[in-house]
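Only one structure is covered here, and it is reproduced in the block below.
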Amino acid sequence: MSEFIITTFDWVPETPRGYVRDIRLRWAMEEAGLPYRVESTSFTSRSDAHFARQPFGQVPWLTHGDTSIFESGAALLYLAEQSGVLMPQDAMGRYKVIEWLFAGLNSVEMATVPWSLFMFSDDTQKTPGRKTLDAFLASRLHHMEQVLAGREWLADAFSVADIVMSDALRLVDRFNGLEQHAASRDYIARATARPAFLKAHADQMAFYAAADA
Ligand SMILES: N[C@@H](CCC(=O)N[C@@H](CS)C(=O)NCC(=O)O)C(=O)O
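Take my numbering: the final residue in the sequence shown is number 421, and no numbers are missing along the way.
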């Protein structure tokens, strides 16, 4: 089998460490027990070769033989298919995971990322646009709280959808945005207590600590 390679930035500032999206791929690899290595691309200078792999000049991307995949969700689906774990094999089970994977990326992360950009920037001005964004996020969090109050994982078993959803929600938790959402906090705690997450997180932190040296 060809080698799996995750490409991420060679360095990032302190704030995003532990949250750079290569963690989603590292996490899936650890869950699946797939061997992989991590390569890096310059954070400060985005080359044509970088844009050829990731058209927005972002990370991560996944390489496997001749296959190169950008977008963390697409790479996770590929890994789920390659490994035979992190997603059921039957069609109905697969689509249960796929719908929640898209919900994580397109319904929840669509609100969490812009909100967290304000929080990272210490921008607390209550402009009309900000109030709309806060209400948008509050609605998504409210509905996720109802869902998570009734189940351990989004589909029948832990899956790539949980990697994305818990990763999106932990960004909100980082800024204490889940104080009124106990089920969501419990879900994040369950997900991030998994040995695969702990390893992925420790490895990302060590990778960037080494980059400072
Ligand atoms: N939708 C993309 C988002 C990727 C993304 O936002 N990557 C961040 C790191 S976590 C990045 O590259 N930021 C630098 C930039 O946007 O220039 C995915 O899920 O892969």
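Where a beta carbon is used, it is the ideal one built from N, C-alpha and C, also for glycine.
Requested in this report: Counting only runs of 4+ residues fully inside the region 274-316, write out the alpha helix (DSSP H) ranges in chain order.
Outcome: 280-291, 299-310
Requested in this report: Using the beta-carbon of each residue, find all residues closer than 5 angstroms to any heavy atom of ligand 1 and list them in chain order.
Outcome: Val228, Arg229, Gln266, Val267, Glu279, Ser280
Query raised in the report: Using the rule of at least 16 other Cβ atoms within 10 Å of the residue's Cβ for burial, across every protein chain shown, is aspartate 375 buried or exposed?
Result: buried
Query - Reference alanine 390; option with closest CA among Leu356, Asp230, Leu285 - result: Leu356
Query raised in the report: Which whole runs of the alpha helix (DSSP H) in the region 309-366 are 4 residues long or more, in chain order?
Result: 317-328, 336-357
Query - First and last residue of the uninterrupted beta strand (DSSP E) at valine 246 - result: 244-249
Report task. Leaving out five residues on either side along the sequence, give the residues of the same chain with a beta carbon under 7 angstroms from the beta carbon of tyrosine 227. Result -> Leu379
Report task. Count the other CB atoms, across all protein chains shown, that sit within 10 Å of the CB of aspartate 370; report buried if there are 16 or more and exposed otherwise. Result -> buried
Requested in this report: Count the other C-beta atoms from every protein chain shown that fall within 10 angstroms of the C-beta of methionine 373, then say buried if there are 16 or more, exposed otherwise.
Outcome: buried
Query raised in the report: What are the start and end residues of the beta strand (DSSP E) that includes tryptophan 269?
Result: 269-272
**Report entry** CA nearest to the CA of glutamate 247, picked from His272, Leu294, Leu406
**Finding:** His272
**Report entry** Cβ-Cβ separation, aspartate 218 to serine 250 (assumed contact under 8 angstroms), whole Å
**Finding:** 6 angstroms
Requested in this report: Below 8 angstroms on the Cβ atoms is my guess for alanine 319 versus phenylalanine 344; work out the distance and round it to an integer in Å.
Outcome: 5 angstroms
Query raised in the report: From what residue to what residue does the beta strand (DSSP E) around threonine 215 run?
Result: 212-217
Requested in this report: Between the Cα of serine 280 and those of Glu360, Ala236, Thr332, spot the shortest distance and give me the residue it belongs to.
Outcome: Ala236
Query raised in the report: Applying the criterion that 16 or more other CB atoms from any shown protein chain within 10 Å of the CB defines a buried residue, is serine 324 buried or exposed?
Result: buried
Query - alpha helix (DSSP H) runs wholly inside the region 371-418, at least 4 long, in chain order - result: 390-400
Query raised in the report: So arginine 245 and leucine 284 are in contact, right, with Cβ under 8 angstroms, and what is the actual spacing, rounded?
Result: Contact flag wrong, Cβ pair sits at about 18 angstroms.
Requested in this report: With a threshold of 16 other CB atoms inside 10 Å of the CB of proline 268, please say whether the residue is buried or exposed.
Outcome: buried
**Report entry** The alpha helix (DSSP H) enclosing glutamate 222, as first and last residue numbers
**Finding:** That residue, glutamate 222, is in no alpha helix (DSSP H); it is neither H nor E in DSSP.
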